[in-house]
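Peer 1:
In UniProt numbering, the protein residues as written are 1 to 73.
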């Protein structure tokens with residue numbers, strides 16, 4: 001980690017060397033390029049109830065955001 005950090009993280013001039021080193025292991029394609037190989041998108045919404053503690057935190061966050069919006073009006 002230390003050697004990697006010194007060579008590539010702290011020294012940005014070596015980024016091209018890093019790209020060359022990892023290129024054989026990286027496969028990056030756009031959605032358009034891979035469209036023929038991908039299955040149809042499938043979406044399924046599953047509603048679940050939050051535990052009370054989580055719901056309390058969620059409600060407090062919503063109230064805080066709503067209060068902030070109302071103050072800015």
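Every residue gets a Cβ at the ideal spot worked out from N, C-alpha and C, and that includes glycine.
Keep in mind the model is a prediction, meaning the values are calculated, not measured.
What is the rounded straight-line gap between the Cα of residue 30 and the Cα of residue 45?
Peer 2: To locate residue 30, count along the chain shown from 1; it is residue 30. To locate residue 45, count along the chain shown from 1; it is residue 45. Each residue's alpha carbon lies about 26 Å from the other.
Peer 1: Going by the CB atoms, is the gap between residue 14 and residue 23 shorter than 8 Å?
Peer 2: Along the chain shown, read from residue 1 onward, the residue named residue 23 stands at position 23. Along the chain shown, read from residue 1 onward, the residue named residue 14 stands at position 14. Contact: no.
Peer 1: Under three-state DSSP, which class holds residue 48?
Peer 2: Within the chain shown, the letter at position 48 stands for residue 48. Coil, per DSSP.
Peer 1: Rounded to a whole number of angstroms, what is the C-alpha to C-alpha distance between residue 32 and residue 41?
Peer 2: As a first step, residue 32 must be located in the chain shown, where it is residue number 32. As a first step, residue 41 must be located in the chain shown, where it is residue number 41. Rounded to whole angstroms, residue 32 to residue 41 spans 14 Å at the Cα level.
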